[in-house]
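Protein chains in written order, with our numbering: chain S, 11 to 290; chain B, 11 to 290.
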């Protein structure tokens, strides 16, 4: 497998790169970004994954996320995958919340989605293997994961399904219970079919109810987020964590909305929180 | 004069706003952004102006500039105007470096540009007067100015022409001598005509040679900037400052290019540098 360098830019003492490769899992070219902080030759750095929300590509957080200064201070590599397969051959939907830009980090089982929409396997397996091969300084024995909205859902569910792989899991305004909100019900029924039992591996609250565990979670949500009540439902995550004994730090941030102005405000906090756990 | 609020978002404890108004100077609607940090009621905060480069609007730095954390720490308001008049009635040019997005902070004298392309008067006079009226917390007795590339040229020339108005002047990769580079010669001849004497108020080095003075300047330039040799020519600014006794701090940043990855890396430095001078 080869990897193509789309761009590299020096930033905050490190290198912000954008890369493209032919994904065997999605059957498409896939683009992702990696920030590698300045580091001593031969040093190996922990990795923080960031999964993006609806309509986004790798570019949104790369341009607007304000993570590089904090990653440089913490010595943490930051990786941002795309949110779906792309290309003319990939089936799509007119809606912003299904199809391209809205892969929901699932392996689809329903046609016409099943062939390309395999973002779970892409993010969990193929991309980490590629990183291991291509980025010698990335220490995959020390990984954390975070994300925003649909990507917060992705971070929570991937973290809960793989507690041995991720030392730290956080989220910004995650879709906390896809089984119980319009975005989730639409996406999971579309990609996985009507049997709601098949959806449970893709719902943080259901995973916790089914016995999956992480030690702790950090979640920030803006109390002026327009999606708070109908789509995000952090109170369901709080309840699930309380019942399961998971140490959830849920911060309702006053006046903040769902935008990158919210994310960038608390990004340095999250990077430092992950950094402490990844370097402990 | 009325001002329309396009958007406001809570960010880094303050408010990032985007506003539109009908400019009497340009004869068009003009859009600009303002970040107001959290502050005590009745407090008045110094103002840092940021002028953007070719092809940009207010949005580029607002999304990618990474200034809000530093402005919140320093208690400095950050204002980003557009780079030219906009609209269907405004004459344009197919090139990226002339016409819309390329106002060069001049008052044009040549047709068809003279009617709308009056960015000098807009940035020097009309917009500050609007800010004074509409933003009660803005203390215009304490102003600093900075900018990038064409906007660095704008910051240097506006600062040099108005030393009593601006306590602090800095720039990122400025066009240091428009009389002696292709971007400058094209823009100034197009907007001002062929008499190069008329260009001198719009050239930092010529202004210094003609006796304009500021106490000090801070300038960062990437040594991997592809425009360094042909367009930016910081060595001409260094020579002009040396001859005039202006305390120029010119930092050639190794490996950095002309992008917002460069700007955002050193933005916090510039905001803190201005903050110290604006609050002294």
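Where is the CB? At the ideal position from N, CA and C, for every residue including glycine. As the structure is a computational prediction, the values presented were derived from the model and not from experiment.
At the 9 angstroms Cβ level, is residue i part of the contact set with chain B, yes or no?
i: residue 26 of chain S; result: yes
i: residue 176 of chain S; result: no
i: residue 90 of chain S; result: no
i: residue 272 of chain S; result: yes
i: residue 254 of chain S; result: no
i: residue 278 of chain S; result: yes
Less than 9 angstroms between CB atoms is the rule here; does residue i satisfy it with respect to chain S?
i: residue 85 of chain B; result: no
i: residue 49 of chain B; result: no
i: residue 78 of chain B; result: yes
i: residue 186 of chain B; result: no
i: residue 324 of chain B; result: A query on residue 324 of chain B cannot be resolved here, the shown segment of chain B reaching from 11 to 290 and no further.
i: residue 114 of chain B; result: no
i: residue 282 of chain B; result: no
For residue i, go through chain B and note every residue whose CB falls closer than 7 angstroms to its CB, in chain order.
i: residue 73 of chain S; result: 73, 74
Between residue i and the ligand FMN, is the CB less than 8 angstroms from at least one heavy atom?
i: residue 180 of chain S; result: Annotation note on the ligand FMN: not contained in the displayed structure, which lists no ligands.
Report the neighbours of residue i on chain S: residues whose CB is nearer than 8 angstroms to its CB, in chain order.
i: residue 269 of chain B; result: 19
i: residue 60 of chain B; result: Chain S residues near residue 60 of chain B: none, gap ~16 angstroms exceeds 8 angstroms.
If you check the beta carbons only, do residue i and residue j fall under 9 angstroms apart?
i: residue 282 of chain S; j: residue 229 of chain S; result: no
i: residue 26 of chain S; j: residue 78 of chain S; result: yes
i: residue 93 of chain B; j: residue 62 of chain B; result: yes
i: residue 114 of chain B; j: residue 212 of chain B; result: yes
i: residue 103 of chain S; j: residue 112 of chain S; result: yes
i: residue 225 of chain S; j: residue 247 of chain S; result: no
i: residue 183 of chain S; j: residue 232 of chain S; result: yes
i: residue 122 of chain B; j: residue 82 of chain B; result: no
i: residue 287 of chain S; j: residue 177 of chain S; result: yes
i: residue 172 of chain S; j: residue 271 of chain B; result: no
i: residue 219 of chain S; j: residue 254 of chain S; result: yes
i: residue 38 of chain B; j: residue 68 of chain B; result: no
i: residue 185 of chain B; j: residue 148 of chain B; result: no
i: residue 75 of chain S; j: residue 53 of chain S; result: no
i: residue 140 of chain S; j: residue 13 of chain S; result: yes
Give the interface partners of residue i over in chain S, defined as CB-CB distance under 7 angstroms, in chain order.
i: residue 94 of chain B; result: Neighbours of residue 94 of chain B on chain S: none; closest Cβ ~23 angstroms, over 7 angstroms.
i: residue 275 of chain B; result: 21, 22
i: residue 266 of chain B; result: 20
In terms of residues, what are the limits of the beta strand (DSSP E) holding residue i?
i: residue 59 of chain B; result: 55-61
i: residue 237 of chain B; result: Residue 237 of chain B -> no beta strand (DSSP E), and no H or E assigned at all.
i: residue 93 of chain B; result: Premise fails: residue 93 of chain B is in no beta strand (DSSP E) and is neither H nor E.
i: residue 152 of chain S; result: 148-157
i: residue 32 of chain S; result: 24-32
i: residue 18 of chain B; result: 13-21
i: residue 39 of chain S; result: 39-46
i: residue 258 of chain S; result: 257-263
i: residue 219 of chain S; result: Where residue 219 of chain S is concerned, there is no enclosing beta strand (DSSP E), although the alpha helix (DSSP H) it sits in stretches over 214-219.
i: residue 177 of chain S; result: 176-182
Let's test the definition: count the other Cβ atoms within 10 Å of the Cβ of residue i and tell me whether it reaches 16, buried, or not, exposed.
i: residue 146 of chain S; result: exposed
i: residue 174 of chain S; result: exposed
i: residue 7 of chain S; result: This structure leaves residue 7 of chain S out entirely; chain S is present only between 11 and 290.
i: residue 97 of chain S; result: exposed
i: residue 203 of chain S; result: exposed
i: residue 17 of chain B; result: exposed
i: residue 169 of chain S; result: buried
i: residue 275 of chain S; result: buried
i: residue 136 of chain S; result: buried
i: residue 205 of chain S; result: exposed
i: residue 58 of chain S; result: buried
i: residue 267 of chain S; result: buried
i: residue 29 of chain S; result: buried
Terminal residues of the continuous alpha helix (DSSP H) containing residue i?
i: residue 138 of chain S; result: 137-144
i: residue 83 of chain S; result: 78-84
i: residue 160 of chain S; result: 160-171
i: residue 279 of chain B; result: 270-288
i: residue 71 of chain S; result: 68-74
i: residue 252 of chain B; result: 244-254
i: residue 202 of chain S; result: 192-202
Can you pull the chain S neighbours of residue i, defined as C-beta to C-beta under 9 angstroms?
i: residue 106 of chain B; result: Here the premise fails: no neighbours, minimum Cβ distance about 19 angstroms.
Since residue i meets chain B, which of its residues come closer than 8 angstroms, beta carbon to beta carbon?
i: residue 234 of chain S; result: 20
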